[in-house]
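Novice:
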DNA sequence: TGATTCACG
DNA sequence: GACGTACGTGAATCAG
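Numbering (the UniProt record's numbering), first residue to last: 1 to 933.
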């Protein structure tokens, strides 16, 4: 067929496929000879998926996979540093490159490359040719360098996210249309490709300039008109560099190709050729899949079926497509029996539960899914309703379900069997559900925690995100079953047939992720982190959450009423001051009154154009203006009432009379926990009025609450990590660290220390932990920025090791893309090499992460050991608040618990680490949290 | 839904 | 002399 109108050309960015396949999969090797084939395997799966997905009415008529050839292109002749900062290709990837060409040919897809040109140039040339011939083009790539080609029938498709990028998508990314993308790129440069651009100008600023001047040439010609001096100077002085950058990013639409569009016509693969290649690579699953599909016999592959607890490594989990219609529905004991037997035989089983909601302490179990061999999963419906009401208005159970107790009795021994590994995604949730039904789940692996140990900072760790990223599969959205908004139903109302597909798929996905992650833990050297800091903590948290803490409803209720009364008084006072009624809770309206009606200075607008009225601004105004002071008073009470005294009451569990928070183990990238529903890690303490809310957190009759918290743990860790002798000695001597810092910095003897000087030093100490800046310290201390900068300079002069630590940490982050805690936890810093304001954020985060993260690791270790340490004592660990642990204990044994808990906490770093700085723990006890703290 | 504000370490 | 900044969280509320 001659390429022309009605034709549709697909251009696949082959290099992108290869690199994605390489990084998404563990380094698999061919069993027979050890040849690395992970990337080839992934590549073939992606091609297969691509072919499968493109058979419909919108199928392409022409297709080609385009590769780069060699590393030297005409761009290197223009600029010898082009792509010079690229890391060398990994050793185990190099031999796989030619195999990806062979794979493409085996699939009978045109495979094109051209010496001296990048794949992008070929794609550009073909796109233009196809467009000129009147056809459509889809470029399968997410490379932003290709966005300049979009428009007039040319689209991009991000196969990863299954997202089409059209003209609007380009504008979203670059702030300009495709025809101006190169102008923006020329200015912004590209650190990945080492395109210099204009220093100090990023995409945002570039788009602004191009939109204002219309084009790069116009901008450069009229650069003298620019107001900002630095920017003006850059554009004038760096003109050559910017023009060079444009040449580097501009794709060549006239590459000399030795083929035509007509040569790219879609062809069916030759079964023999394709299967020969796949079986030669020893891709068993994919070979079988395709041979079944084509109805031909595949060449035999040497069988070396491995047994044991380790998952099969050679079959990439992505090999197998998801087939929801094949999942089994288990309706009786006879059907369940073989699954339990198979789990015992294998030594592992993926488990997932379905429930009527998200509050593990209240919801009902609706069903259980299992998966032992990827692709084969089952769902056991147990609590589905048939939709018909009985006399009491509650539904009857649907037909065809096992009695709940029978299923649990059968599963109970398996789930508690120490020789069978249970595998879950966020298994803490499922374990808590099971626990309420008298079923213990142990031991268990958790794919969410595995992902967190390997990839904190890179992406989220929810099932949907992991499935899409690592299995290239978008799970059935729960919304498609439950609906959303107020018409949403609970899972027990979902028809069993639909539930099977959704629920079993979750177990299938979980098992596949586990098979993928298990070997990766070793390769990424985080096995110890996972095994000592993540996996053992999960059941500890589950028990703390289930235990909960008693909260006195009457205390909260009384406070609520008192707050409401006071707020009403403030409100009428505010209306009086303003001369009219308004919504005190609206920052926009408060701002309008202050900065427009009252005409005060100092108002700033947010990026949405609204007046901004944060507390520090109002505080500055409050000394002069009652209105600002009253708004602050009102806001404080509003916060206390809505978030604490009111909302907390709703969280008191009617069965236990206690509040059960949920800790999110993967919530903070640094290794800290997050607490939700409710958040018990931000109960007020700093203000006197707020602190009284802690009086509502009480011990049971005859018991007391204990609070043990690490003293200055982050500063101690900083002293240790940065190795600052003066700080370390001060901690060893038990000195007041802020006073000592102040003394060093300001040359004031300790016995002449004033509270104000100490306060400043304290602010600096904290600032250091956060990646200090003159601006931040100035704002915190409310002093001029120059003065703040002076303090910082002085601090670094006295403690030069701190600066070296900061420099070394940021450099490490730049080199490796992550930073580490002292216990080996990795926190990825993908933004560290970004340009623009993001760079500052990333740098400070990189400085803070090892410190905050090491402290988080220490208390995790303490928590993991704590249960054994206080076993036998009438005590329970209830809450963790970053550096504090809260216990409930029989009053007469409080001192024993304090002694043991303190010892565990103070020695938590050992034996993995021998800190030269002591960790010390302060303890308190009382009838309520306010007294204990 | 995103922005704003504010509670904690 | 331009810009925009303390690090890490979760929840309530407004506004579109």
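Where is the CB? At the ideal position from N, CA and C, for every residue including glycine.
To the nearest angstrom, how far is the alpha carbon of residue 16 from that of residue 288?
Specialist: Cα to Cα, residue 16 sits roughly 26 Å from residue 288.
Novice: Note down, one range per segment and in chain order, each alpha helix (DSSP H) of at least 4 residues found wholly within the segment 676-711.
Specialist: Qualifying alpha helix (DSSP H) stretches, in chain order: 688-691.
Novice: Please state whether DSSP places residue 318 in a helix, a strand or coil.
Specialist: Legend: pLDDT at residue 318 = 47, less than 50; position of this residue unreliable, no value from coordinates given.
Novice: What's the C-alpha gap between residue 100 and residue 459?
Specialist: Rounded to the nearest angstrom, the two C-alpha atoms are 28 Å apart.
Novice: Quick check: what's the CA-CA separation for residue 895 versus residue 702?
Specialist: Cα-Cα distance, rounded: 15 Å.
Novice: CB-CB under 8 Å to residue 893, same chain, minus the five flanking residues each way: which ones, in chain order?
Specialist: Cβ within range, chain order: 873, 874, 875.
Novice: In the DSSP assignment, find the alpha helix (DSSP H) that holds residue 444 and state where it starts and stops.
Specialist: No alpha helix (DSSP H) holds residue 444; the beta strand (DSSP E) holding it covers 444-446.
Novice: Does the segment 847-863 come into contact with the segment 665-675, if we say contact requires no fewer than three beta-carbon pairs (one atom in each stretch) closer than 8 Å?
Specialist: Because the criterion of three Cβ pairs below 8 Å is met, the segment 847-863 and the segment 665-675 touch.
Novice: Taking C-alpha atoms, which residue in 441, 483, 524 lies nearest to residue 456?
Specialist: Considering only alpha carbons, the answer is 524.
Novice: According to DSSP, is residue 888 helix, strand or coil?
Specialist: Reduced to three states, the DSSP call for residue 888 is strand.
Novice: In its own chain, which residues sit with a C-beta less than 8 Å from the C-beta of residue 252, not counting the 5 before and 5 after it?
Specialist: Closer than 8 Å at Cβ, skipping near neighbours: 74, 117, 121, 124, 125.
Novice: Assess contact between the segment 147-166 and the segment 283-297, defined as three or more Cβ pairs (one per stretch) separated by less than 8 Å. Is contact present?
Specialist: Touching, no.
Novice: How should residue 870 be labelled, buried or exposed, when 16 other C-beta atoms within 10 angstroms of its C-beta is the threshold for buried?
Specialist: Residue 870 should be labelled buried.
Novice: Return helix, strand or coil for residue 313, following the three-state DSSP convention.
Specialist: Low confidence applies here, because residue 313 scores a pLDDT of 43, under 50, leaving its location unreliable and the question unanswered by this model.
Novice: Exposed or buried, what is residue 296 when buried is set at 16 or more other beta-carbons lying within 10 Å of its beta-carbon?
Specialist: Burial call: exposed.
Novice: Residue 452 and residue 513 look like a contact to me (Cβ under 8 Å); what is the Cβ gap, rounded to whole Å?
Specialist: That pair is no contact at about 12 Å.
Novice: For a quick check, are the C-beta atoms of residue 352 and residue 507 less than 8 Å apart?
Specialist: Yes, they are a contact pair.
Novice: Just to confirm, are residue 706 and residue 929 a CB contact at a threshold of 8 Å?
Specialist: No, they are not a contact pair.
Novice: Does DSSP put residue 414 in a helix, a strand or coil?
Specialist: Helix, per DSSP.
Novice: Could you work out which residue in 194, 82, 364, 737 is closest to residue 437 when comparing CA atoms only?
Specialist: Ranking the options by Cα distance to residue 437, first place goes to 364.
Novice: Please go through the same chain and pick out, in chain order, the residues whose beta-carbon is closer than 6 Å to the beta-carbon of residue 219, but skip the five residues on each side of it.
Specialist: The residues are 209, 213.
Novice: Out of curiosity, what's the CA-to-CA distance linking residue 482 and residue 384?
Specialist: Rounded to whole angstroms, residue 482 to residue 384 spans 13 Å at the Cα level.
Novice: Just how far apart, CA to CA, sit residue 591 and residue 599?
Specialist: Using only the alpha carbons, I get a separation of about 10 Å.
Novice: Below 7 Å CB to CB, which residues in the same chain sit around residue 342 once its five sequence neighbours on both sides are set aside?
Specialist: Answer for residue 342: 372, listed in chain order.
Novice: Could you check the C-alpha separation between residue 916 and residue 728 for me, to the nearest Å?
Specialist: Looking at the two C-alpha atoms, the distance is approximately 7 Å.
Novice: Since residue 955 and residue 119 are thought to touch, with beta carbons under 8 Å apart, how far apart are those beta carbons, to the nearest angstrom?
Specialist: A question about residue 955 goes unanswered here, because the residues of the chain that appear run from 1 up to 933.
Novice: Need the endpoints of the beta strand (DSSP E) that residue 50 sits in, please.
Specialist: Run containing residue 50: none in the beta strand (DSSP E); it sits in the alpha helix (DSSP H), 38-53.
Novice: Using 8 Å as the threshold, is the C-beta distance between residue 563 and residue 641 below it?
Specialist: Yes, these two residues count as a Cβ contact at 8 Å.
Novice: For residue 849 versus residue 831, is the C-beta distance shorter than 8 Å?
Specialist: No, they are not a contact pair.
Novice: Pairing CB atoms from the segment 430-448 with CB atoms from the segment 402-421, are three or more of them under 8 Å?
Specialist: Touching, yes.
Novice: By Cβ distance below 8 Å, which residues in the same chain neighbour residue 679 in space, the five residues on each side in sequence not counted?
Specialist: Taken in chain order, the residues that qualify are 661.
Novice: Between 422, 619, 492, 475, which has its C-alpha nearest residue 395's C-alpha?
Specialist: The residue with the shortest Cα to Cα distance from residue 395 is 492.
Novice: In whole angstroms, what separates the C-alpha of residue 812 from that of residue 818?
Specialist: In a straight line, the C-alpha of residue 812 is about 7 Å away from that of residue 818.
Novice: For the alpha helix (DSSP H) containing residue 421, list its first residue and its last residue.
Specialist: Here residue 421 belongs to no alpha helix (DSSP H); instead the beta strand (DSSP E) covers 421-424.
Novice: When you compare each of 584, 560, 580 to residue 570 by their alpha carbons, which one comes out closest?
Specialist: When each option's Cα is compared against that of residue 570, the closest is 584.
Novice: Given that a residue counts as buried once 16 or more other Cβ atoms are within 10 Å of its Cβ, and exposed if not, what is residue 925?
Specialist: Buried, by the Cβ-count rule.
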